Each structure stands twice: as C-alpha cells, then as structure tokens.
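To start, the structure under review is shown below, and the notes come after it.
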Amino acid sequence: AQSVTQLDSHVSVSEGTPVLLRCNYSSSYSPSLFWYVQHPNKGLQLLLKYTSAATLVKGINGFEAEFKKSETSFHLTKPSAHMSDAAEYFCVVSSEGNKLVFGAGTILRVKS
Amino acid sequence: SAVISQKPSRDICQRGTSLTIQCQVDSQVTMMFWYRQQPGQSLTLIATANQGSEATYESGFVIDKFPISRPNLTFSTLTVSNMSPEDSSIYLCSVEDPNRGITDTQYFGPGTRLTVL
Numbered sequence: 008a009q010s011v012t013q014l015d016s017h018v019s020v021s022e023g024t025p026v027l028l029r030c031n032y033s034s035s036y037s038p039s040l041f042w043y044v045q046h047p048n049k050g051l052q053l054l055l056k057y058t059s060a061a062t063l064v065k066g067i068n069g070f071e072a073e074f075k076k077s078e079t080s081f082h083l084t085k086p087s088a089h090m091s092d093a094a095e096y097f098c099v100v101s102s103e104g105n106k107l108v109f110g111a112g113t114i115l116r117v118k119s
Numbered sequence: 307s308a309v310i311s312q313k314p315s316r317d318i319c320q321r322g323t324s325l326t327i328q329c330q331v332d333s334q335v336t337m338m339f340w341y342r343q344q345p346g347q348s349l350t351l352i353a354t355a356n357q358g359s360e361a362t363y364e365s366g367f368v369i370d371k372f373p374i375s376r377p378n379l380t381f382s383t384l385t386v387s388n389m390s391p392e393d394s395s396i397y398l399c400s401v402e403d404p405n406r407g408i409t410d411t412q413y414f415g416p417g418t419r420l421t422v423l
C-alpha cells in the first residue's frame with residue numbers, strides 16, 4: 008500500500024530565507040506524487056506534481072520538489088519564503104484507482 | 307482547471323439531524339471524490355462517486371452514514387446522516403479534470419465546514 012510521511016508537523020522560517028518541507032513515501036510501484044497547499048479557511052490548491060518525466064518538478068509560487076527514488080523522498084523547497092507562504096502543506100501519493108493518500112501535513116510559519 | 311463549488315460553505319447542526327452537501331463542477335467529469343478533514347487532521351477519502359454507478363466507500367465509511375448521489379457528470383451530493391459531534395469536520399469534494407487530459411490529478415472544492423452541537 009502507498010503511504011507518505013511528512014517528517015515535520017511544523018516548520019518556522021524567517022521571511023526571505025529558504026523553505027524545506029520534507030516528505031518520504033512508500034510505494035510498491037512508481038507513483039505519482041503531489042504537493043498541495045491549504046491556506047487558512049481555504050480549499051486545497053495543487054502546487055506541483057511528479058509523474059516520472061523529470062525528477063525536479065517546478066510548481067507555482069516559486070516552489071519546486073525533487074524526486075529521489077534512492078531515498079524515497081519528495082521534499083518541497085523554495086529559495087526565499089514570503090509571508091503569503093504561511094499555510095499547511097500536504098504531500099500526497101496516488102494509489103490504485105486514482106485515489107490519493109495524504110500525509111499528515113506540515114504547517115509552515117513565516118516570521119517577519 | 308475545473309471550477310468546483312460547494313454548498314453550504316459552513317453549517318452548524320444539531321446532533322441527530324442530517325445535512326446534505328452539494329458539489330457542482332463547471333464541466334463534465336467522470337470521477338468525483340469526497341474527503342473528510344477532521345479538526346487538526348489530514349484528509350481521508352470517504353468514497354469515490356462515478357456517474358451511473360453506486361459510490362465506492364473506503365474502509366470505515368458506510369453508505370447508511372454517508373449516502374452519496376451522482377445524478378449527472380457535473381453534480382454530486384454527500385449526506386452526513388444522524389450526526390454526532392464526532393462528525394464535525396471539513397468535507398471536501400474533488401474531481402479529476404478531463405479537460406487537461408490528466409487522470410490522476412485531483413482538484414478540490416472549497417470545502418464545507420460542519421459543526422455538530
């Protein structure tokens with residue numbers, strides 16, 4: 008069965024500094040992996056998706072993620088955090104029947 | 307991507323009552339999904355709803371508690387029946403967007419925030 012583990016429940020960074028949100032996955036086959044963001048009192052927005060075309064995936068708002076099969080990781084990064092990046096981020100893996108399996112989420116706090 | 311709306315956006319209900327949540331999409335989609343997000347938790351899939359067939363429920367969710375309708379390719383409803391405070395959650399619908407030819411990427415509605423007293 009597919010699963011994801013988000014290694015940090017909370018991450019706090021200063022505005023202008025890099026962001027790293029860590030995700031490890033478990034899958035019996037080559038999966039599709041996603042990062043979604045949820046701003047307070049808002050719905051989920053797709054940030055980016057990995058489908059095996061390229062290991063480095065660029066998403067919206069300056070975010071990118073690198074798929075590392077040897078480490079079973081799909082960490083999300085951004086070079087410079089902005090106040091508007093404060094939100095909860097979910098790492099997600101696709102499962103059979105196109106079902107999505109969500110990680111527990113990482114709350115990103117950006118300090119001014 | 308498809309535009310997805312949900313009604314109501316939020317509601318406060320009494321225990322023992324039922325609430326029907328609507329999900330409307332601006333284009334025809336084959337697969338629709340319903341998720342629950344309990345307070346402070348991640349999302350859990352409740353069921354998959356395909357037009358013209360019965361919904362497929364995940365382990366721990368049953369049709370008597372969460373009946374789902376899918377009358378056409380743009381609309382679905384989820385009913386939370388005989389509610390208890392434990393049902394207080396955000397309920398979200400999602401769809402795969404056929405317009406982009408992508409079959410395993412889901413786009414989410416804004417959610418319905420339910421509080422049961």
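The listed protein sequences derive, respectively, from chains V and E. The first sequence begins at 8 in our numbering and counts up by one. The second sequence begins at 307 in our numbering and counts up by one. Glycine included, every Cβ here is placed at the ideal spot set by N, Cα and C. Remember, it's a predicted structure, so these values are computed and weren't measured experimentally.
**OP:** Check whether the region 9 to 20 of chain V touches the region 108 to 115 of chain V, counting contact only when three or more Cβ pairs, one atom from each stretch, lie closer than 8 Å.
**Re:** Output reads yes: the region 108 to 115 of chain V touches the region 9 to 20 of chain V.
**OP:** Output yes or no for whether 9 Å exceeds the beta carbon distance between E:Leu379 and E:Gln328.
**Re:** Stepping through the second sequence from its first residue, residue 379 of chain E is reached at position 73. Stepping through the second sequence from its first residue, residue 328 of chain E is reached at position 22. Not a contact, by the Cβ cut-off of 9 Å.
**OP:** Within the same chain, show all residues whose beta-carbon is closer than 7 Å to that of E:Asp332, passing over the 5 residues directly before and after it, in chain order.
**Re:** Reading the second sequence from its first residue, position 26 is the one you call residue 332 of chain E. Excluding residues within five positions, the ones whose Cβ falls inside 7 Å are Ala308 and Val309.
Original post:
Pick from E:Gln312, E:Arg419, E:Pro373 and E:Glu392: whose alpha carbon is nearest that of E:Ser359?
Top reply: Here residue 359 of chain E refers to the residue found at position 53 of the second sequence. Per the Cα distances, E:Pro373.
**OP:** Measure from the C-beta of V:Leu63 to each C-beta in chain E and report whether the shortest distance is under 9 Å.
**Re:** Counting from one through the first sequence, the residue named residue 63 of chain V turns up at place 56. Answer no: the Cβ-Cβ gap between V:Leu63 and chain E never drops below 9 Å.
Subject >> Every unbroken beta strand (DSSP E) inside the region 332 to 367 of chain E [3 residues or more] >> reply: 337 to 343 and 349 to 356
**OP:** Check whether the region 91 to 105 of chain V touches the region 38 to 48 of chain V, counting contact only when three or more Cβ pairs, one atom from each stretch, lie closer than 8 Å.
**Re:** yes
Original post:
How many Å lie between V:Leu107 and E:Ser394 at the Cα?
Top reply: In the first sequence, residue 107 of chain V corresponds to position 100, counting from 1. In the second sequence, residue 394 of chain E corresponds to position 88, counting from 1. Answer to the nearest angstrom: the Cα atoms are 22 Å apart.
**OP:** Kindly say whether E:Pro416, judged by its beta-carbon, lies nearer than 9 Å to any beta-carbon of chain V.
**Re:** Residue numbering aside, residue 416 of chain E sits at position 110 when the second sequence is read from its first letter. Judged by the 9 Å Cβ criterion, E:Pro416 is in contact with chain V.
Original post:
Quick one, which residues of the region 84 to 107 of chain V are near chain E if we go by CB-CB under 8 Å, in chain order?
Top reply: Phe97, Ser101, Gly104, Asn105, Lys106 and Leu107
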